[in-house]
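Encoded as structure tokens, the structure appears first; notes follow it.
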Amino acid sequence: MIKTANILSLTQAARSLGDDIYMRYRDYFGVNIKTEEISDLAALVDLLYPPEGRDIFGGYYVGYKIPQIGKEFDLLRMGKNYIVNIEIKKDSQEDKIAKQLLRNKYYLSAVDRTAYYFSFVSSTKKIYFLNGHDQLQLIGVPDLKSCLHDQELDIPENLDKIFNPSKYLVSPFNATDRFMTNSYFLTHQQEQIKNETLTLFEKLHGPVFVSISGGAGVGKTLLVYDIAKEAINTNKKVLIVHCGKLNNGHYEIMNWPGWDIIPIKNINSWDFSPYELILIDESQRMYEDQFRKAVNAAKSSNIKCIFSYDKAQTLASWEERVDIEELLLEVGTAVQNKLTDKIRTNKSMANFISSLFNKNRQHRDTQADIELNFFNNPDDAKSYMQYASTQGWEIIRFTPSQYERDSHKEYSHDLYKTSHAVIGQEFDNVAVVIDPFFSYAEDGSLIYKGKTYYKAEKMLFQNVTRTINRLNLIIVNNPEILDRCLHVLHG
Numbered sequence: 103m104i105k106t107a108n109i110l111s112l113t114q115a116a117r118s119l120g121d122d123i124y125m126r127y128r129d130y131f132g133v134n135i136k137t138e139e140i141s142d143l144a145a146l147v148d149l150l151y152p153p154e155g156r157d158i159f160g161g162y163y164v165g166y167k168i169p170q171i172g173k174e175f176d177l178l179r180m181g182k183n184y185i186v187n188i189e190i191k192k193d194s195q196e197d198k199i200a201k202q203l204l205r206n207k208y209y210l211s212a213v214d215r216t217a218y219y220f221s222f223v224s225s226t227k228k229i230y231f232l233n234g235h236d237q238l239q240l241i242g243v244p245d246l247k248s249c250l251h252d253q254e255l256d257i258p259e260n261l262d263k264i265f266n267p268s269k270y271l272v273s274p275f276n277a278t279d280r281f282m283t284n285s286y287f288l289t290h291q292q293e294q295i296k297n298e299t300l301t302l303f304e305k306l307h308g309p310v311f312v313s314i315s316g317g318a319g320v321g322k323t324l325l326v327y328d329i330a331k332e333a334i335n336t337n338k339k340v341l342i343v344h345c346g347k348l349n350n351g352h353y354e355i356m357n358w359p360g361w362d363i364i365p366i367k368n369i370n371s372w373d374f375s376p377y378e379l380i381l382i383d384e385s386q387r388m389y390e391d392q393f394r395k396a397v398n399a400a401k402s403s404n405i406k407c408i409f410s411y412d413k414a415q416t417l418a419s420w421e422e423r424v425d426i427e428e429l430l431l432e433v434g435t436a437v438q439n440k441l442t443d444k445i446r447t448n449k450s451m452a453n454f455i456s457s458l459f460n461k462n463r464q465h466r467d468t469q470a471d472i473e474l475n476f477f478n479n480p481d482d483a484k485s486y487m488q489y490a491s492t493q494g495w496e497i498i499r500f501t502p503s504q505y506e507r508d509s510h511k512e513y514s515h516d517l518y519k520t521s522h523a524v525i526g527q528e529f530d531n532v533a534v535v536i537d538p539f540f541s542y543a544e545d546g547s548l549i550y551k552g553k554t555y556y557k558a559e560k561m562l563f564q565n566v567t568r569t570i571n572r573l574n575l576i577i578v579n580n581p582e583i584l585d586r587c588l589h590v591l592h593g
């Protein structure tokens with residue numbers, strides 16, 4: 103866990119200690135600052151020295167990163183009356199300084215406290231301040247010293263809890279207004295893939311195929327829709343194909359000019375010729391003939407095409423057999439991108455989920471926000487589900503067969519969304535049922551022994567990975583799964 107550091111002490115240690123002991127001293131604070139950056143910090147310390155009264159050098163988080171999001175602050179100082187953020191640069195242009203401070207303002211606005219934003223450029227010894235009109239202004243050293251002097255330090259027990267990642271995560275479907283009004287930022291990795299993709303499309307003429315893959319919670323859908331929005335805003339004709347049922351968020355987005363979104367079932371009858379860019383989200387769920395329809399249309403009309411997919415998020419056996427990656431390799435995908443930074447699900451939740459699905463994974467974590475509710479009576483479990491749905495829990499049920507009665511049908515009430523209905527969506531709090539038919543195979547993997555049309559293990563994985571903050575497992579007459587959950591959470 104990162105500790106607050108005294109930046110006078112830190113810079114003096116860097117100047118006077120040997121590399122080995124300085125590195126150990128730096129790591130003691132959990133400080134994230136490169137060796138070449140410490141001289142820029144030292145230049146700021148020299149300007150502020152001597153402190154003149156109250157200590158202005160203590161209480162700094164150096165290189166703090168918001169969990170999951172990865173947003174980094176050079177210097178962050180928490181106070182009861184206000185927060186101070188100081189960015190350190192060797193060289194920089196004013197427009198870039200303003201852009202960074204405005205971005206910092208967005209992230210710190212989630213903390214219910216006034217904040218002041220500064221940027222120090224070591225090569226010029228200039229200090230910039232983002233004023234109340236969101237404009238940069240040059241200030242003097244006394245102004246910064248006064249701000250630091252008047253701050254009433256307030257060191258939280260755990261800074262990570264103040265910066266809840268769910269405050270910054272935006273789903274195009276569940277936070278449509280925020281998405282459409284650009285009230286969000288992409289992660290560095292998302293921005294890099296976006297910029298490289300758009301640059302590639304500008305350079306290459308004719309059809310181009312790009313893939314974006316990644317596990318649950320890495321931000322594939324947000325990235326795809328952000329690329330679509332960028333293209334639409336530059337007057338390009340764009341089509342999004344959603345490989346599932348359209349949800350309410352899709353219809354809200356389509357109320358905005360320029361947005362064409364269709365469900366995958368319409369692909370064979372759709373005219374692709376007017377479009378310059380096609381984006382296919384959740385493409386691991388395409389039939390092979392649907393895939394070839396999109397590819398042939400792109401080739402015949404010189405359309406750029408992006409396929410977004412997660413191989414682990416298949417719900418039926420035929421989806422696994424299609425193997426979207428093999429099809430993309432066959433077509434000759436120009437660029438294959440892989441998102442790896444998990445931003446929706448926190449580390450503790452991700453560890454719990456992976457341990458639930460693999461009994462051989464020996465990872466214990468008491469930090470995951472998991473609620474366990476065991477019932478041996480199915481009727482009582484169903485009553486609890488109705489109650490939980492009124493307490494802020496999004497109940498997600500398994501998709502039932504249209505033709506046969508699945509073993510999990512008993513808990514499949516039409517009031518609750520199905521696994522197929524929540525594809526690509528996310529919710530703050532998710533509740534799911536684990537019935538008596540779940541068990542573990544000899545190799546430790548989670549299996550389902552009941553009758554089911556779609557793969558219950560896959561649907562369970564789809565459902566639990568929709569959560570942002572909390573997960574409620576409603577365990578019905580299954581002591582084996584309860585025992586596993588308790589082992590992971592408490593040992």
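Going by this note's numbering, the sequence shown opens with residue 103, and the numbers climb by one from there. Ideal Cβ placement from N, Cα and C applies to all residues, glycine included.
Residue i: first and last residue of the uninterrupted beta strand (DSSP E) it sits in
{"i": "Asp383", "result": "379-383"}
{"i": "Val532", "result": "529-536"}
{"i": "Ala217", "result": "217-223"}
{"i": "Arg499", "result": "496-499"}
{"i": "Asp362", "result": "362-365"}
{"i": "Tyr230", "result": "228-232"}
{"i": "Ser410", "result": "406-411"}
{"i": "Val326", "result": "No beta strand (DSSP E) contains Val326, which is instead part of the alpha helix (DSSP H) from 322-335."}
Cβ neighbours of residue i in the same chain (closer than 6 Å, five flanking residues each side left out)
{"i": "Ile135", "result": "Val164, Gly165"}
{"i": "Lys173", "result": "Tyr209"}
{"i": "Leu178", "result": "Tyr163, Tyr166, Asn187"}
{"i": "Asn368", "result": "none"}
{"i": "Asn183", "result": "Glu254"}
{"i": "Phe393", "result": "Leu429"}
{"i": "Thr501", "result": "Thr520, Ser521, His522, Tyr556"}
{"i": "Phe265", "result": "Ile168"}
{"i": "Phe476", "result": "Ile577, Leu584"}
Residue range of the alpha helix (DSSP H) that includes residue i
{"i": "Leu250", "result": "243-252"}
{"i": "Leu566", "result": "In the sequence under discussion, the amino acid at residue 566 is Val, which differs from the Leu named in the question. From DSSP, the alpha helix (DSSP H) with Val566 extends over 558-566."}
{"i": "Val147", "result": "137-150"}
{"i": "Asn398", "result": "390-403"}
{"i": "Val433", "result": "426-433"}
{"i": "Ser313", "result": "Segment 310-316 is the beta strand (DSSP E) holding Ser313; no alpha helix (DSSP H) there."}
{"i": "Lys339", "result": "Neither: Lys339 is in no alpha helix (DSSP H) and is coded neither H nor E."}
{"i": "Leu110", "result": "109-118"}
{"i": "Leu261", "result": "261-264"}
Coil, strand or helix - residue i by DSSP
{"i": "Glu278", "result": "For clarity, residue 278 is Thr in the given sequence; the question names Glu instead. If DSSP states are grouped into helix, strand and coil, Thr278 belongs with the helices."}
{"i": "Cys587", "result": "helix"}
{"i": "Gly351", "result": "helix"}
{"i": "Lys480", "result": "Before going further, note that residue 480 is Pro rather than Lys in the sequence given. Correct three-state label for Pro480: helix."}
{"i": "Glu544", "result": "coil"}
{"i": "Phe374", "result": "coil"}
{"i": "Lys449", "result": "helix"}
{"i": "Ala418", "result": "coil"}
{"i": "Leu271", "result": "coil"}
{"i": "Gln292", "result": "helix"}
{"i": "Tyr286", "result": "coil"}
{"i": "Ile455", "result": "helix"}
{"i": "Gln438", "result": "strand"}
Cβ neighbours of residue i in the same chain (closer than 8 Å, five flanking residues each side left out)
{"i": "Ser268", "result": "Asp530, Ile570, Asn571"}
{"i": "Ser111", "result": "Phe159"}
{"i": "Glu506", "result": "Lys553, Tyr555"}
Paired residues, beta bridge with residue i - DSSP
{"i": "Asn574", "result": "Glu473, Ala533"}
{"i": "Tyr163", "result": "Leu178"}
{"i": "Thr569", "result": "Phe529"}
{"i": "Cys345", "result": "In the DSSP output, where bridge partners are listed per residue, Cys345 has none listed."}
{"i": "Thr520", "result": "Arg499"}
{"i": "Tyr127", "result": "Per DSSP, none; premise fails for Tyr127."}
{"i": "Lys192", "result": "Looking at the DSSP assignment, Lys192 forms no beta bridge with any residue, so it has no partner."}
Other residues of its chain near residue i: CB distance less than 7 Å, five sequence neighbours each side excluded
{"i": "Ala107", "result": "Phe131, Val133, Tyr162, Val164"}
{"i": "Pro376", "result": "Lys339"}
{"i": "Glu512", "result": "Pro480"}
{"i": "Trp372", "result": "Ile364"}
{"i": "Arg586", "result": "Leu458, Lys461"}
{"i": "Pro274", "result": "Phe281, Thr323, Leu324, Tyr327, Gly351, Ile355"}
Touch test, the region 386-405 against the region 532-552, Cβ-Cβ under 8 Å, three pairs minimum: No, the region 386-405 is not in contact with the region 532-552.
At least 3 beta-carbon pairs within less than 8 Å: the region 184-195 vs the region 218-226: Judged by Cβ distances under 8 Å, the region 184-195 makes contact with the region 218-226, as three or more pairs qualify.
Segment contact, 8 Å Cβ cut-off, at least three pairs: the region 289-298 with the region 345-360: In short, these stretches do not touch, since the Cβ pair count stays below three.
Contact between the region 512-529 and the region 487-500 (3+ Cβ pairs under 8 Å): Below 8 Å, enough C-beta pairs join the region 512-529 and the region 487-500 to call them touching: three or more.
The region 559-567 / the region 410-420 touching (three or more Cβ pairs under 8 Å): Enough Cβ pairs lie closer than 8 Å, so yes.
contact_flag[the region 142-150, the region 242-252] where n(CB pairs < 8 Å) is 3 or more: Judged by Cβ distances under 8 Å, the region 142-150 makes contact with the region 242-252, as three or more pairs qualify.
The region 272-288 contacting the region 395-408, beta-carbon criterion three pairs below 8 Å: Because the criterion of three Cβ pairs below 8 Å is not met, the region 272-288 and the region 395-408 do not touch.
Three-pair Cβ contact test at 8 Å for the region 450-464 versus the region 533-548: Touching, yes.
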